[in-house]
Amino acid sequence: MPLTWMDQLKPDALGFNTIPKSVEKIFRSSVATSTNIRNSDTTPLPSHISKETVMATKPKKGADFLHPFPLPQQLPKILVSMPDPWLRSWEAGRSSYNSSRVAVLDSLGNFTSSDDFHFTTSDYGTVMIQRRLKLDEDGNIRVYSRQNTDDNGDWSVSWQAKVVDTCKIHGICGANSTCSYDHKHGRKCSCLPGYKPRNPTDWSFGCIPKFQLSCNASESSFLKMDGVEFYGYDFHFTQNQTYTECENLCLMYCNCKGFQYSFEKEKGQFNCFPKTQLLNAQRSPGFQGTTYLRIPKVHSFNTTTYEQYSTDQKNCTRVISVTLERVYTTRQVSGLVRFFLWCVCAIGGLELVCIILVSSFLIRTRRKSSPSNNYEGYHYHMAASATRFRKFTYSELKQASRGFSEEIGRGGGGVVYKGVLSDQRVAAIKRLILNEGEVEFLAEVSIIGRLNHMNLIEMWGYCAEGKHRLLVYEYMENGCLAQNLISSASNTVLDWSKRYNIALATARGLAYLHEECLEWILHCDIKPQNILLDSNYEPKVADFGLSKLLCRNNVNNNNNSRFSRIRGTRGYMAPEWVFNLPITSKVDVYSYGIVVLEMITGKSSSMGILQKVDGEEGHDGRLVTWVREKRRKRQESEEWVMGIVDPAIGENCDVRKMERLAEVALKCVEEEKDARPSMRQVVEELQRHHSIDC
Numbered sequence: 001m002p003l004t005w006m007d008q009l010k011p012d013a014l015g016f017n018t019i020p021k022s023v024e025k026i027f028r029s030s031v032a033t034s035t036n037i038r039n040s041d042t043t044p045l046p047s048h049i050s051k052e053t054v055m056a057t058k059p060k061k062g063a064d065f066l067h068p069f070p071l072p073q074q075l076p077k078i079l080v081s082m083p084d085p086w087l088r089s090w091e092a093g094r095s096s097y098n099s100s101r102v103a104v105l106d107s108l109g110n111f112t113s114s115d116d117f118h119f120t121t122s123d124y125g126t127v128m129i130q131r132r133l134k135l136d137e138d139g140n141i142r143v144y145s146r147q148n149t150d151d152n153g154d155w156s157v158s159w160q161a162k163v164v165d166t167c168k169i170h171g172i173c174g175a176n177s178t179c180s181y182d183h184k185h186g187r188k189c190s191c192l193p194g195y196k197p198r199n200p201t202d203w204s205f206g207c208i209p210k211f212q213l214s215c216n217a218s219e220s221s222f223l224k225m226d227g228v229e230f231y232g233y234d235f236h237f238t239q240n241q242t243y244t245e246c247e248n249l250c251l252m253y254c255n256c257k258g259f260q261y262s263f264e265k266e267k268g269q270f271n272c273f274p275k276t277q278l279l280n281a282q283r284s285p286g287f288q289g290t291t292y293l294r295i296p297k298v299h300s301f302n303t304t305t306y307e308q309y310s311t312d313q314k315n316c317t318r319v320i321s322v323t324l325e326r327v328y329t330t331r332q333v334s335g336l337v338r339f340f341l342w343c344v345c346a347i348g349g350l351e352l353v354c355i356i357l358v359s360s361f362l363i364r365t366r367r368k369s370s371p372s373n374n375y376e377g378y379h380y381h382m383a384a385s386a387t388r389f390r391k392f393t394y395s396e397l398k399q400a401s402r403g404f405s406e407e408i409g410r411g412g413g414g415v416v417y418k419g420v421l422s423d424q425r426v427a428a429i430k431r432l433i434l435n436e437g438e439v440e441f442l443a444e445v446s447i448i449g450r451l452n453h454m455n456l457i458e459m460w461g462y463c464a465e466g467k468h469r470l471l472v473y474e475y476m477e478n479g480c481l482a483q484n485l486i487s488s489a490s491n492t493v494l495d496w497s498k499r500y501n502i503a504l505a506t507a508r509g510l511a512y513l514h515e516e517c518l519e520w521i522l523h524c525d526i527k528p529q530n531i532l533l534d535s536n537y538e539p540k541v542a543d544f545g546l547s548k549l550l551c552r553n554n555v556n557n558n559n560n561s562r563f564s565r566i567r568g569t570r571g572y573m574a575p576e577w578v579f580n581l582p583i584t585s586k587v588d589v590y591s592y593g594i595v596v597l598e599m600i601t602g603k604s605s606s607m608g609i610l611q612k613v614d615g616e617e618g619h620d621g622r623l624v625t626w627v628r629e630k631r632r633k634r635q636e637s638e639e640w641v642m643g644i645v646d647p648a649i650g651e652n653c654d655v656r657k658m659e660r661l662a663e664v665a666l667k668c669v670e671e672e673k674d675a676r677p678s679m680r681q682v683v684e685e686l687q688r689h690h691s692i693d694c
């Protein structure tokens, strides 16, 4: 028997605010027919009852028959169920094919209604029990049970509707009131500002106004009530209206008691709900709207008064609040059940203590057998000492760099400082720029930590503390290749043999990355600034911030060539980046070729105007075009390479070696990636001529 309410109907029309003659129905009776019940009382069921409601009938001992109590047939076909009236019948698990509107509570404690609503009581299956279905004064419907043999026994609750927040029950506090609920004190009803209780002892009568509302729009004003929502009784509904339009709409009707103005995020529009009845008001912080109560302009209530009312209800003298008592009793827990619960708690506590003791024992055993106390631990610490790779604290690196005072380099991912570690090793400390170097930091730590090659920079440790991200490298005394290619910035000019050795050693490092690692790596940013020179001018490739790992077993897979963004430095980038072609190790080969041409000519690839491809800036081809023109215009007997060699080198060099180096570089910068050699082929070609000394 679903207890329901009808929207767009006044409460008084169906007796919602009147005390019915027979609200509480006892479903057990002796030899009574459903026709007699139907004819005896057809008063519609309200959503709640008052304390004065008297039981109409009493159950008779030994009754075996259950007779359905139908809802009156004059009700509308579509009923709205509380506490979720916005749900359609099928969404609430109910059937709309409900012409009979009959509900049955059988002798076993099974309740079934014609709209597919059913439940069983907690004592389901027990026959010798009296049960009654009651609509309590708090608006919740419950089933009470007691033994058949005990007519004077207490009724205990064996089932109740799942209405925890009783404020959701339709009209529970009557008209012109608000309802608030908490688990500790239950429900509390309060009159709206300017209203007083009709019956202070029974809130089902609601509240009545202390003022006389005029139909004259000029004599009315509105009181703003934030966080208060009224559900139902909208005589009009409009969308995309301004506040002024909504206010004027309410003032047009004498029976408009206020309006609700809210914003619907999903549709991005404002909704206007003028109200003829002020029912089902709840305080809800999550309500995205405001209710405006219509009051006379001459009334003493104003916005300031209501703010005090809504924030400090206990200290407000204008508001009358009454806490409703709970009216049902629950079945007492027997001593045997209580003893059983204590036993279960005691056993659970013992199990928890045992788990803690066993865990402590295992932790101690693991510590005793840790690597530091056995032969394997000795080798673990020996390996750590050999590599000297560790995690530093931010204070250690700040002290080592003397507060990051000596800057030795700067790039897009961060700034590099010189420092001295606690073991007197001179280090290069790279401090990554926040929000710009996070990806680079993760890339370098994961990649360089696994690399081991004489021509790749060695990383000694890192720092990941709070927002700080730092990398610690070995310090390279002679700086980067770019600094040494500028004669004015270096006291010692790189001669041709050093340049040839730098080209060969750099090719070895890249060949290791491309073909000899467990996971092949693309550097993606080869340029003179990322080739560092030690005290013997031995090069080491650095700055793996833009590196890309490739799966060794799926080199030709398209997934290996997918990049989230263009990587590299303008002037050293291969055409594949511009034309969105698959990215392979040949992009590093192209960048390497540009660097070698810069070492031979002493000219920078970034000088001059960039070539454009389809209106977009592409790779810089001026240096490459200039060298190719020199080679094309050579005479058969002319040593063309001397026309492009850096004047700082002079004529004291091996022409054949420099020519071979230039030929290799031109092959590396071919437009078609398939025409470029691999780094392994470059190493083999340069090593073939390395035995000739200048």
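Read left to right, the sequence shown gives residues 1 to 694 (UniProt numbering).
Just so you know, even glycine gets a beta-carbon here, dropped at the ideal spot from N, CA and C.
Environment of residue i [buried if 16+ CB atoms lie within 10 Å]
i, result
"His-118", "exposed"
"Pro-200", "exposed"
"Ala-217", "exposed"
"Trp-460", "buried"
"Pro-193", "buried"
"Val-682", "buried"
"Gln-288", "exposed"
"Asn-152", "exposed"
"Leu-293", "buried"
"Arg-132", "buried"
"Asn-580", "exposed"
"Cys-189", "buried"
"Glu-516", "exposed"
"Trp-496", "buried"
"Phe-205", "buried"
"Pro-647", "exposed"
"Glu-247", "buried"
"Ala-675", "exposed"
"Ser-369", "Note that Ser-369 scores a pLDDT of 49, beneath 50, so its modelled location is shaky and nothing firm can be said."
Option nearest residue i by Cα separation, candidates the options
i, options, result
"Lys-265", "Val-102, Gln-239, Arg-622, Pro-274", "Gln-239"
"Ile-208", "Ser-177, His-183, Arg-187, His-185", "Ser-177"
"Asp-136", "Gly-125, Asp-154, Gln-160", "Gln-160"
"Ser-122", "Ile-448, Lys-210, Ser-158, Asn-148", "Ser-158"
"Ile-583", "Glu-629, Cys-524, Thr-625", "Cys-524"
"Arg-688", "Asn-501, Pro-528, Thr-601, Leu-522", "Asn-501"
"His-299", "Ile-448, Glu-684, Glu-219, Tyr-144", "Glu-219"
"Lys-430", "Leu-421, Ser-422, Asp-423, Val-416", "Val-416"
"Val-645", "Arg-634, Val-337, Glu-598", "Glu-598"
"Pro-197", "Ala-175, His-185, Lys-184", "Ala-175"
"Arg-632", "Gly-602, Glu-663, Arg-656, Cys-653", "Glu-663"
"Lys-673", "Cys-191, Asn-484, Trp-577", "Trp-577"
"Lys-168", "Asp-106, Leu-249, Arg-283, Ser-360", "Arg-283"
"Val-641", "Leu-661, Thr-625, Arg-622", "Leu-661"
Anticipated Cβ contact below 8 angstroms, residue i with residue j, distance rounded
i, j, result
"Gly-419", "Ser-401", "4 angstroms"
"Leu-213", "Pro-296", "6 angstroms"
"Arg-187", "Tyr-195", "That pair is no contact at about 18 angstroms."
"Thr-291", "Gly-258", "6 angstroms"
"Asp-138", "Thr-166", "5 angstroms"
Beta-bridge pairing of residue i - partner residues as DSSP gives them
i, result
"Phe-211", "Phe-211 is not bridged to any residue."
"Ala-427", "Gly-419, Glu-474"
"Gln-147", "Ile-129"
"Ile-531", "Val-541"
"Arg-283", "Val-228"
"Glu-407", "Tyr-417"
"Phe-263", "Phe-270"
"Ile-141", "Leu-135"
"Asp-234", "Lys-275"
"Asn-110", "Thr-120"
"Ala-217", "None, per the DSSP bridge assignment."
"Arg-390", "Gly-461"
"Cys-480", "Leu-532"
Could you check whether the segment 584-593 touches the segment 657-669, counting it as contact only if at least three pairs of C-beta atoms, one from each stretch, sit closer than 8 angstroms? Touching, yes.
Does the segment 222-239 come close enough to the segment 275-283 that 3 or more CB-CB pairs lie under 8 angstroms? yes
Three CB pairs or more closer than 8 angstroms across the segment 526-544 and the segment 453-471: These segments touch.
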